[in-house]
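Peer 1: Heads up, the sequence shown is in the numbering used here, so the first residue is 89 and it goes up one at a time. Quick reminder that beta carbons are idealized off the backbone N, C-alpha and C, glycines included. Take a look at this one; I'll ask things after.
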Amino acid sequence: VHIQLQTRSKLFCRCPAGFGAPANTQTCPVCLGHPGTLPVVNRRAVALAARLGFAVGGRVHRRSLFARKHYFYPDLPKGYQITQFESPLCEGGAIPILVEGGEREIRIKRIHLEEDAGKMSHPEREGQRDSSVDFNRGGVPLAEIVSEPELRSPSEAAAYLAAVRQLVQYLEISGGRMEMGHLRCDANVSIRRRGSLEMNPRTELKNLNSIKNVEKGIEAEIIRQHLIRRGGGPVTHMTLLWDQVAGGVRSMRSKEERPDYRYFPEPDLPPLVLDDELLKHAQREAGELPWDIRRRFQEDWNLPAADAERLTRTRPDACDFQSLVVQLSAGDGRGSDAEQAVKTAANWVIGDLRRILRRVLREEGPCARRPAPQAMAAFLRLVMDRVISGDTARAVLEVMVQTGRPADQIVKEQGLALINDEATIRGWIAEVLNNNPDAVEEYLAGKAVLKSYFVGCVMRRSDGKACPRTVAMILTEDLAFRKAKGGE
Ligand code: ZN
Ligand code: MN
């Protein structure tokens, strides 16, 4: 997987690395490969790649080498790419992926730094096929992460890619958006007999610009290889392109044309040596990783695995939830109820909040705002203290998302609070029971279902404002009292 690193400038020159500028306006003699120019390594790019290395638990080498990888293509003006070959920045490590039934570790072979090539396009002008190249992307820093051949199915490949995307976003080293080309995956596929340990010739799939396409492309390639093998033919090493429209793969180049890159150490760059400061900083910046936070949520708060996964998809999501729980469970003696607070918070964040956010975003556009943890905590406190009913709560949350106003203000303004005052509720109950002497008689004679009828009457009497739980509680008490008195 090639990961485009988020730096301001390119890997070996001062040109801006950003996108969206007119074609060929972010170039200089260095990234255009003019003779006599010299590359200088971007320290920030090295630091970001080292951060990734530490995050996967790999060995980040203090000393590594750049190399030239030679091939001819119009998007590569030097005729070679500066990359790392024999001596990469990082080796080893692993990334846990989520598969059915839990986690599985996929080992990492290596992570190396290299420059991106320019971008070719082939627009049609007046019926003529044209070819253009934009060198703005040429020289943008990439970290290439290579896994061991341990992924066993298209869905595992998809899970791995999702994990890489989540990781680079957590680490803030890349935008991580496949459709934008921040992440580019080349999938190597080979099949073997079940139980065999033999590694058969593999093919390489390119042009996979979404996780869905990676999954589909590998599925198609497995079937293609299977048919060849069943027909008695050998699978030969080749590069294939996934054709999204046709839903199949087609050959890009075969074994005969398989290039020999003639790697050799880059003579224009000294060995890449990382100093203590950079190493220490990169290690610290790796911070707490998505899988660590996921496990912590599960273990500390007894959250189901699926909930923990949902709540930690992005770092802001995980941070928000963390501070929501802290606010909700501390400060007002609720410490012992922390687990209940977590459960309530998780249900609302995963369920109604997500649904409401999505709907408001769709219907009213970007004015939809996600309540800050503090606002969300204040809202949930109203729910947990039964100041508002569940249905009212959903309506209040929707207004919060639409307007950004605090829950208690909305509740007060619209008179949505439930009546919990005991004396008031007792008065209504007495009124209802006194007005229905026959029903009370029947109830006391054993017709227990009448209790819900009484609750309904009290609720109507209160215009729906009484807290149904409090009503039921006091009513039970009152009826029990009458029963005891009747039996005397
Ligand atoms: Zn440049
Ligand atoms: Mn590469």
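Helix, strand or coil for residue 161 per DSSP?
Peer 2: Residue state, collapsed to three classes: coil.
Peer 1: Just curious, the beta strand (DSSP E) that residue 339 is in, first and last residue?
Peer 2: Start and end: 336-341.
Peer 1: In three-state terms, what does DSSP make of residue 191?
Peer 2: Residue 191: strand per DSSP, three-state reduction.
Peer 1: My output table needs one value for residue 271: the three-state DSSP class, helix, strand or coil.
Peer 2: DSSP places residue 271 in strand when its eight states are reduced to three.
Peer 1: Quick check on residue 380: does DSSP put it in helix, strand or coil?
Peer 2: DSSP places residue 380 in helix when its eight states are reduced to three.
Peer 1: Return yes when the C-beta of residue 193 is under 8 Å from any heavy atom of the ligand MN, and no when it is not.
Peer 2: Residue 193 Cβ: outside cutoff for every heavy atom of the ligand MN.
Peer 1: Look up residue 234 in the DSSP assignment and say whether it is helix, strand or coil.
Peer 2: It is a strand residue.
Peer 1: Exposed or buried, which one is residue 569 when buried takes at least 16 other CB atoms within 10 Å?
Peer 2: Residue 569 comes out exposed.
Peer 1: Can residue 156 be considered in contact with the ligand ZN, in the sense that its beta carbon sits closer than 8 Å to one or more heavy atoms?
Peer 2: No, since every heavy atom of the ligand ZN falls outside the 8 Å radius drawn around the Cβ of residue 156.
Peer 1: I'd like to confirm something about residue 369: is its beta-carbon nearer than 8 Å to some heavy atom of the ligand MN, or not?
Peer 2: False, no ligand heavy atom lies under 8 Å from that Cβ.
Peer 1: Touching or not, the stretch 299-316 and the stretch 236-243, by the rule of three or more beta carbon pairs under 8 Å?
Peer 2: Contact between the stretch 299-316 and the stretch 236-243 is present, because at least three Cβ pairs lie under 8 Å.
Peer 1: Considering only heavy atoms of the ligand ZN, does any lie closer than 8 Å to the CB of residue 166?
Peer 2: Answer for residue 166: no, Cβ out of range of the ligand ZN.
Peer 1: Do residue 206 and the ligand ZN come close, with the Cβ less than 8 Å from some heavy atom?
Peer 2: False, no ligand heavy atom lies under 8 Å from that Cβ.
Peer 1: Once the 5 residues before and after residue 457 are set aside, which same chain residues still bring their CB inside 7 Å of it?
Peer 2: Taken in chain order, the residues that qualify are 489 and 492.
Peer 1: Give the residues whose C-beta lies closer than 7 Å to at least one heavy atom of the ligand MN, in chain order.
Peer 2: With the cut-off at 7 Å, the residues found are 90, 171, 202, 230 and 232.
Peer 1: Where do the ends of the beta strand (DSSP E) carrying residue 326 lie?
Peer 2: Careful: residue 326 lies outside any beta strand (DSSP E) and carries neither H nor E.
Peer 1: Just to check my reading of the structure: residue 269 and residue 92 have Cβ atoms closer than 8 Å, yes? What is that Cβ distance to the nearest angstrom?
Peer 2: About 7 Å separates the two Cβ atoms, so the contact holds.
Peer 1: In angstroms with no decimal places, state the Cα-to-Cα distance between residue 486 and residue 400.
Peer 2: Spanning the two alpha carbons is a distance of roughly 23 Å.
Peer 1: For the stretch 446-525, which segments carrying the beta strand (DSSP E) assignment without a break, of at least 3 residues, lie completely within its bounds, in sequence order?
Peer 2: Fully enclosed beta strand (DSSP E) runs of 3 or longer: not present.
Peer 1: Does DSSP put residue 288 in a helix, a strand or coil?
Peer 2: Note: residue 288 maps to coil in three-state DSSP.
Peer 1: Roughly how many angstroms separate the alpha carbons of residue 314 and residue 224, rounded to a whole number?
Peer 2: C-alpha separation (whole angstroms): 41 Å.
Peer 1: Measuring alpha carbon to alpha carbon, tell me which of 207, 105, 284 and 148 ends up nearest residue 229.
Peer 2: When only C-alpha atoms are compared, the closest one is 105.
Peer 1: Going by the DSSP bridge assignment, what does residue 298 pair with across the sheet?
Peer 2: According to DSSP, residue 298 bridges with nothing at all.
Peer 1: What I want to know is whether the C-beta of residue 227 ends up closer than 8 Å to one or more non-hydrogen atoms of the ligand ZN.
Peer 2: Answer for residue 227: yes, Cβ within range of the ligand ZN.
Peer 1: Where residue 446 and residue 469 are concerned, what is the direct C-alpha to C-alpha distance, given to the nearest angstrom?
Peer 2: Distance between the alpha carbons of residue 446 and residue 469: 23 Å.
Peer 1: Let's test the definition: count the other Cβ atoms within 10 Å of the Cβ of residue 335 and tell me whether it reaches 16, buried, or not, exposed.
Peer 2: Classification for residue 335: exposed.
Peer 1: Do the stretch 354-366 and the stretch 146-155 touch if we need at least three Cβ pairs shorter than 8 Å?
Peer 2: Yes: the two stretches touch, three or more of their Cβ pairs being nearer than 8 Å.
Peer 1: Assuming residue 555 and residue 520 form a contact by the criterion Cβ under 8 Å, report the distance between their Cβ atoms to the nearest whole angstrom.
Peer 2: That belief does not hold up - the Cβ atoms of residue 555 and residue 520 are roughly 16 Å apart, past 8 Å.
Peer 1: Cα-Cα, which of 195, 168 and 222 is closest to residue 108?
Peer 2: Cα-wise, what sits closest to residue 108 is 222.
Peer 1: From residue 101 to residue 413, what does the alpha carbon distance come to, in whole angstroms?
Peer 2: Approximately 46 Å, taken between the alpha carbons.
Peer 1: I need the DSSP call for residue 178, collapsed to helix, strand or coil.
Peer 2: Here residue 178 sits in strand by DSSP.
Peer 1: Apply the 10 Å Cβ neighbour rule to residue 134 and answer buried if 16 or more other Cβ atoms are within range, or exposed otherwise.
Peer 2: Burial call: buried.
Peer 1: What whole-angstrom Cβ distance do residue 201 and residue 169 have, given they're in contact under 8 Å?
Peer 2: About 11 Å separates the two Cβ atoms, so there is no contact after all.
Peer 1: Is the Cβ-Cβ distance between residue 482 and residue 440 less than 9 Å?
Peer 2: In contact: residue 482 and residue 440 (Cβ atoms closer than 9 Å).
Peer 1: Rounding to the nearest angstrom, what Cα-Cα distance links residue 421 and residue 375 in this structure?
Peer 2: Confidence in residue 421 is poor, its pLDDT being 40 and thus under 50, which makes the residue's placement too unreliable to answer from.
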